[in-house]
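First up is the structure itself, then whatever we jot down about it.
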Amino acid sequence: MHRHTIRHQTYRLLDEELFSSRESRWLHSAIVVLIALNVVAVILESVDSFSVRYGALFSRFEDVSVAIFTAEYLCRFWSCVENPRNSRERPLAARLRYIVSPGALIDLLAILPYFLSILVALDLRFLRVLRLLRVFKLTRYFSALEVVLSVLKEEARAFGAALFVLMVILVLASSGIYIFEHEAQPDAFGSIPAAMWWAVATLTTVGYGDVTPITAGGRVFGATVTIVGIGMVALPAGILASAFSDQLHRRKETYAAAIDQALGDETITRPEADFLEEVRVRLGLSPEEALRIYERRMNRKSAGYPIDENTPPPCGNSIASCPYRSGTLQSNTKPSGNQTGSTPPVQNN
Numbered sequence: 007m008h009r010h011t012i013r014h015q016t017y018r019l020l021d022e023e024l025f026s027s028r029e030s031r032w033l034h035s036a037i038v039v040l041i042a043l044n045v046v047a048v049i050l051e052s053v054d055s056f057s058v059r060y061g062a063l064f065s066r067f068e069d070v071s072v073a074i075f076t077a078e079y080l081c082r083f084w085s086c087v088e089n090p091r092n093s094r095e096r097p098l099a100a101r102l103r104y105i106v107s108p109g110a111l112i113d114l115l116a117i118l119p120y121f122l123s124i125l126v127a128l129d130l131r132f133l134r135v136l137r138l139l140r141v142f143k144l145t146r147y148f149s150a151l152e153v154v155l156s157v158l159k160e161e162a163r164a165f166g167a168a169l170f171v172l173m174v175i176l177v178l179a180s181s182g183i184y185i186f187e188h189e190a191q192p193d194a195f196g197s198i199p200a201a202m203w204w205a206v207a208t209l210t211t212v213g214y215g216d217v218t219p220i221t222a223g224g225r226v227f228g229a230t231v232t233i234v235g236i237g238m239v240a241l242p243a244g245i246l247a248s249a250f251s252d253q254l255h256r257r258k259e260t261y262a263a264a265i266d267q268a269l270g271d272e273t274i275t276r277p278e279a280d281f282l283e284e285v286r287v288r289l290g291l292s293p294e295e296a297l298r299i300y301e302r303r304m305n306r307k308s309a310g311y312p313i314d315e316n317t318p319p320p321c322g323n324s325i326a327s328c329p330y331r332s333g334t335l336q337s338n339t340k341p342s343g344n345q346t347g348s349t350p351p352v353q354n355n
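Under my numbering, the first residue of the sequence shown is numbered 7, with each subsequent residue one higher.
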């Protein structure tokens, strides 16, 4: 792989997490700001007074934004073959796989409404709403959002089961309140579908108060539904919290296992350090959290390895950023008098 080609430099510039540099950080920060400004513009454009007064400005800003997002998409499409994971694939196969990746699909949705408006006559209000899809581009720049999406994907069955139970209770609540209230309030509870508005507001414990039962039986039944609703709100929240915590724990364990593998021969070669950094980026761990995991794994090593303050890489927030001088991982801390260990040697292979 040619490391000094324009295509490779473009890939390094766009992949800020794996190849962090001042230029790439500036570029990604600018894209994040542009995404935020686009969301604000869509919101303000929905206000008639702003739309009439600044309509031309909003239109020009939209043209510039789409041009930038389109250039970003094409550059990512062109340079994706430089990804180390695609080194053994043909360029066409790598690009086809990139097109169907979640990040590429989100980037495409961010610019697609603009080009659809040129090719097909569509309702402008509908296009404004579609432009809000650009907010999902932030998932590329914030790992926390990516973790949430992974949790939702993994717990799809659990959320589906909770949704099914909620739908069953919604039908029962609507039917029950219809039985008690349809004669007293035919306008609000004249049918089971009409009663579903009250059931949704009650089960979610929102309680708008625009529709309330007035009969004795209806009020008792409504109180029961409200109590059941408290549990229904807690069910998906508990699933999400538990799954999120488990997802983070498994990611940390995966990174810890990678560290153990790299330290299997009591040395950390530079390729192994680069691999650990790639694993950290892929798992969405912060450099600080990766450093803490590294410290804990080193502290658990047997005699002959340094412990406590002498164990972490002293040269930055990641293992890959450490200098490799004289074949060892240099430390800027001195071991205390009761410690005889030294940092594991790092080989420049």
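Quick reminder that beta carbons are idealized off the backbone N, C-alpha and C, glycines included.
(request) Classify Asp54 as helix, strand or coil using the three-state DSSP reduction. (result) If DSSP states are grouped into helix, strand and coil, Asp54 belongs with the helices.
(request) Look at the alpha carbon of Ser123 and the alpha carbon of Phe227, and state the distance between them as a whole number of angstroms. (result) Approximately 51 angstroms, taken between the alpha carbons.
(request) To the nearest angstrom, report how far apart Gly166 and Asp252 are at their CA atoms. (result) Straight across, the Cα-Cα distance linking Gly166 with Asp252 is about 19 angstroms.
(message) In this structure, how does DSSP classify Leu19 when only helix, strand and coil are distinguished?
(response) In the structure shown, the three-state DSSP call for Leu19 is helix.
(request) Output the distance between the C-alpha atoms of Arg59 and Tyr147, rounded to the nearest integer angstrom. (result) Cα to Cα, the separation comes out at about 33 angstroms.
(request) Note the first and the last residue of the continuous alpha helix (DSSP H) segment covering His255. (result) Where His255 is concerned, the enclosing alpha helix (DSSP H) stretches over 222 to 268.
(message) Distance check for Glu283 and Tyr330, CA to CA, integer angstroms please.
(response) With a pLDDT of only 36 at Tyr330, under the threshold of 50, the placement of this residue in the model should not be trusted, and no figure is reported.
(request) Apply the 10 Å Cβ neighbour rule to Trp204 and answer buried if 16 or more other Cβ atoms are within range, or exposed otherwise. (result) Classification for Trp204: buried.
(message) Spatial neighbours of Phe281 within its chain, please: C-beta separation below 6 angstroms, excluding the five flanking residues on both sides.
(response) Same-chain partners within the cutoff: there are none.
(message) Is it buried or exposed, Leu20, if we count other Cβ atoms within 10 angstroms and call 16 or more buried?
(response) With 16 or more neighbouring CB atoms inside 10 Å of its own CB, Leu20 falls in the buried class.
(message) Using 9 angstroms as the threshold, is the C-beta distance between Ile112 and Lys159 below it?
(response) Remark: C-beta atoms of Ile112 and Lys159 do not approach each other more closely than 9 angstroms.
(request) Quick one: grab the DSSP three-state call for Leu98. (result) Leu98: helix per DSSP, three-state reduction.
(request) Would you give the residue range spanned by the alpha helix (DSSP H) that Gly109 belongs to? (result) If you look at Gly109, you'll find it in the alpha helix (DSSP H) that goes 108 to 125.
(request) With Phe281 as the anchor, note down where its alpha helix (DSSP H) starts and where it stops. (result) Residues 276 to 289.
(message) Going by beta-carbon coordinates alone, are Tyr300 and Val285 separated by less than 9 angstroms?
(response) No.
(message) Between Arg298 and Ile265, how many whole angstroms is the CB-CB distance? I'm expecting something under 8 angstroms.
(response) About 11 angstroms separates the two Cβ atoms, so there is no contact after all.
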